[in-house]
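**Q** Below is the structure I would like to discuss, written out as structure tokens.
Chains as they are written, first to last, in our numbering: chain A, 1 to 118; chain B, 1001 to 1112.
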């Protein structure tokens, strides 16, 4: 089972709204990620949590605030967003697997939340 | 710096074979992934290479040459459903946390 779930699937919000995106995985993965993806572009890494602690913040504006309540859940709190923040927001999770070939850590992505900021 | 190059678009015919190339120059390397992404959907994992050579998985194969900083994804017996974007990504193992560095993606159109 390599399922990562995300809610909601679609979200429309105004620039003064506060909303949250949710991500859940029950694979026991130790790392969880938030990505932003604009049309016809690759995913851009925003945040990485490792063992429920924030390990990477790719200089993301403070209007995006991540939270990891437990090892299965990852939230992204949104406040005072701009229209240019409209994008597909993807969550992913991974677990490092040691092998004779090295440390493979495949990231599995959720279906994403399509966000439109008006 | 980090640089991963792929062709922007490719077109192929149903039933044919297509090869999507990826070249990379990254500060760290701990394997290369290929993902498939249909329009409006999440990327799905296709393959992982960390040693030189060819990995075959059904209709899809992936090749890696670390000395040349080069990989390709080979799709055989193309089907219409293979029309998608194909993302090459290098895994940069940075201490406790891995990062995936994505190429810009190759949009493949399969025609009848």
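All C-beta atoms in this analysis are idealised placements derived from N, C-alpha and C, irrespective of residue type, glycine included.
1. Under the three-state reduction of DSSP, which class applies to residue 13(A): helix, strand or coil?
2. So is residue 1025(B) buried or exposed if we call it buried at 16+ other beta carbons inside 10 Å?
3. Can the beta-carbon of residue 78(A) be found closer than 8 Å to that of residue 19(A)?
4. Contact between the stretch 69-76 of chain A and the stretch 11-28 of chain A is defined here as three or more beta-carbon pairs at a separation below 8 Å; is this criterion met?
5. Taking the C-alpha atoms as reference points, what is the distance between residue 30(A) and residue 113(A)?
6. Pairs of beta-carbons, one from the stretch 1091-1110 of chain B and one from the stretch 1030-1046 of chain B, closer than 8 Å: are there three or more?
7. By Cβ distance below 6 Å, which residues in the same chain neighbour residue 65(A) in space, the five residues on each side in sequence not counted?
8. Using a Cβ cut-off of 8 Å, which residues of the stretch 1047-1060 of chain B contact any Cβ in chain A, in chain order?
9. Using 8 Å as the threshold, is the stretch 1003-1022 of chain B in touch with the stretch 1037-1053 of chain B, meaning 3 or more CB pairs across them?
10. What did DSSP end up calling residue 98(A) once you bin it into helix, strand or coil?
11. To the nearest angstrom, report how far apart residue 1110(B) and residue 85(A) are at their CA atoms.
12. Quick one: which residues of the stretch 90-113 of chain A get their C-beta closer than 8 Å to a C-beta of chain B? List them in chain order.
13. May I ask you to report which of helix, strand or coil DSSP gives residue 3(A)?
14. What residues from chain B crowd round residue 45(A), counting only those whose CB sits closer than 8 Å?
15. If you run the structure through DSSP and keep just helix, strand and coil, what is residue 52(A)?
16. Going by Cα to Cα distance, which pick from 38(A), 108(A), 117(A) is closest to residue 5(A)?
17. How about residue 8(A): is its C-beta nearer than 8 Å to some C-beta of chain B?
18. Return helix, strand or coil for residue 27(A), following the three-state DSSP convention.
19. Tell me whether the beta-carbon of residue 1020(B) lies closer than 8 Å to the beta-carbon of residue 1078(B).
20. Under 8 Å between C-beta atoms, does residue 66(A) make it to chain B?
21. Could you tell me if residue 1058(B) is buried or exposed, where buried requires 16 or more neighbouring beta carbons within 10 angstroms of its beta carbon?
22. With a threshold of 7 Å (Cβ to nearest heavy atom), would residue 1024(B) be considered close to the ligand HEM?
**A** So, to answer that:
1. Here the question's residue 13(A) lines up with position 13 in the first chain. Residue state, collapsed to three classes: strand.
2. Here residue 1025(B) corresponds to residue number 25 of the second chain, with the count starting at 1. So residue 1025(B) counts as exposed.
3. Residue numbering aside, residue 78(A) sits at position 78 when the first chain is read from its first letter. Residue numbering aside, residue 19(A) sits at position 19 when the first chain is read from its first letter. Cβ distance < 8 Å, so residue 78(A) and residue 19(A) count as in contact.
4. Touching, yes.
5. By 1-based counting over the first chain, the position of residue 30(A) is 30. By 1-based counting over the first chain, the position of residue 113(A) is 113. Computed Cα separation, rounded: 22 Å.
6. With the cut-off at 8 Å, the stretch 1091-1110 of chain B and the stretch 1030-1046 of chain B touch.
7. Your numbering for residue 65(A) matches position 65 in the first chain. The residues are 77.
8. Within the stretch 1047-1060 of chain B, those residues whose Cβ lies closer than 8 Å to any Cβ of chain A are, in chain order, 1048, 1050, 1051.
9. Taking one beta carbon from each stretch, the stretch 1003-1022 of chain B and the stretch 1037-1053 of chain B have fewer than 3 pairs nearer than 8 Å; the two do not touch.
10. Here residue 98(A) corresponds to residue number 98 of the first chain, with the count starting at 1. Reduced to three states, the DSSP call for residue 98(A) is strand.
11. Here residue 1110(B) corresponds to residue number 110 of the second chain, with the count starting at 1. Here residue 85(A) corresponds to residue number 85 of the first chain, with the count starting at 1. Their backbone Cα atoms lie some 32 Å apart in a straight line.
12. Taking 8 Å as the Cβ-Cβ cut-off against chain B, the residues of the stretch 90-113 of chain A that qualify are 90, 94, 96, 101, 102, 103, 104, 105, 106, 107, 108, 109, 110, 111, 112.
13. Here residue 3(A) is taken as the residue at index 3 of the first chain, counted from 1. Reduced to three states, the DSSP call for residue 3(A) is coil.
14. Looking up residue 45(A) in the first chain gives position 45. By Cβ distance, chain B contributes 1099, 1100.
15. As a first step, residue 52(A) is located in the first chain; it is residue number 52 there, counting from the start. Here residue 52(A) sits in coil by DSSP.
16. Indexing the first chain from 1 puts residue 5(A) at position 5. Checked all of 38(A), 108(A), 117(A); the closest Cα to residue 5(A) is 108(A).
17. Counting from 1 along the first chain, the entry for residue 8(A) is found at position 8. With 8 Å as the cut-off, residue 8(A) does not count as an interface residue toward chain B.
18. Here residue 27(A) refers to the residue found at position 27 when the first chain is read from its first residue. DSSP places residue 27(A) in coil when its eight states are reduced to three.
19. On the second chain, position 20 is the one that residue 1020(B) refers to. On the second chain, position 78 is the one that residue 1078(B) refers to. It is not a contact, given that the beta carbons lie outside the stated cut-off.
20. Your numbering for residue 66(A) matches position 66 in the first chain. Chain B contact via Cβ: absent.
21. Sequence index remark: in the second chain, residue 1058(B) carries index 58 (1-based). Only exposed fits residue 1058(B), as fewer than 16 other CB atoms lie within 10 angstroms of its CB.
22. With respect to small molecules bound, the structure shown includes none, and the ligand HEM cannot be examined in it.
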